[in-house]
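Per UniProt numbering, the very first residue in the sequence shown carries number 1; after that it's consecutive. For glycine and all other residues, C-beta sits at the position ideal for the given N, C-alpha and C.
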Amino acid sequence: MGDNVALRGRQLRDAGVGAAMLFLALLIIAKLENNQALRFSGPFVVIDGDTLADNGRRLRLRGLDAPELGQMCTRADGAYDCGLAARAGLISLIEANAVQCFGPEDAEDRYRRRLVTCRSGEVDLGHQLVGAGLAVADGDYHMAERQAKADRLGLWGGTFERPEDWRRRRLLETREQGGWFRTFLLEPLIGWMVRGDTP
1 MGDNVALRGR QLRDAGVGAA MLFLALLIIA KLENNQALRF SGPFVVIDGD TLADNGRRLR
61 LRGLDAPELG QMCTRADGAY DCGLAARAGL ISLIEANAVQ CFGPEDAEDR YRRRLVTCRS
121 GEVDLGHQLV GAGLAVADGD YHMAERQAKA DRLGLWGGTF ERPEDWRRRR LLETREQGGW
181 FRTFLLEPLI GWMVRGDTP
């Protein structure tokens, strides 16, 4: 009799654990589906080498960083605007085929651009851009960057400043032009006032 009660208790416990695991799996699946909920199919306008616009929404390609418009790089034949080259590369990719972009509903960068991955069929546009040396890996596409670097493609065929470093240097130069008053007093005060904080 005692063995039957123990057996029945184990069966109930196992059934409870199984039901809990099934419920957890369903929650995970629902979350994954929700993370891919946002889809964009264009037509897209290319803003720069890693940013698209779709009906007024700005979309930022995730996993890479393209040079900024006006960012100068060098190669054997001289200096060139590598930000413009990255933009031209993205234009050629989206003009060639139908493109779909998708990403998590709540993923935005600090400029409120939606973070997305874009594909043309099975071709990942981010992989193509980094693989052609038009952008650098920034979270993804490290193998594509390694191959572009080995083949000396695009940016890797000359000298360049990583886009993040270029932006940081430009920000510092802008702040230095405004002097210490603007950098250390005026800008923080304006930031506090906009956010509603008190200094």
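- In this structure, Ala107 sits away from Ala132, with a CB-CB distance that is not shorter than 8 Å.
- Nearest to Gly83 by alpha-carbon distance, out of Ala96, Asp109 and Leu129, is Leu129.
- Positions of the alpha helix (DSSP H) runs, each at least 4 residues long and wholly inside the UniProt domain "TNase-like" (46-158), are given as 82-96, 125-131 and 142-150 in order along the chain.
- With a cut-off of 8 Å on Cβ pairs, the stretch 158-172 is not in contact with the stretch 94-106, counting fewer than three such pairs.
- Secondary structure at Arg39: strand, using DSSP grouped into helix, strand and coil.
- Around the beta carbon of Pro163, 16 or more other beta carbons sit within 10 angstroms, so the residue counts as buried.
- Of all alpha-carbon atoms in Met72, Gly49, Arg114 and Asp54, the one lying nearest the alpha-carbon of Leu64 is that of Gly49.
- Distance between Asp140 and Asp124, taken at the CA atoms: about 12 Å.
- Of the candidates Arg39, Phe44 and His142, the residue whose Cα lies closest to the Cα of Ser92 is Phe44.
- Annotation: Asp138 to Arg62 spans about 8 Å, alpha carbon to alpha carbon.
- In this structure, the alpha-carbon of Asp109 lies about 8 Å from that of Arg60.
- The alpha-carbon of His142 is positioned some 22 Å away from that of Leu52.
- About 6 Å separates the beta carbons of Ala85 and Leu134, which is inside the 8 Å limit, making them a contact pair.
- Shown here, Arg162 sits in coil according to DSSP, grouped into three states, outside any helix or strand.
- By the CB criterion at 8 Å, Arg87 and Val46 fall inside the cutoff.
- In terms of CA proximity to Arg58, Arg112 leads the group Arg112, Leu90 and Glu95.
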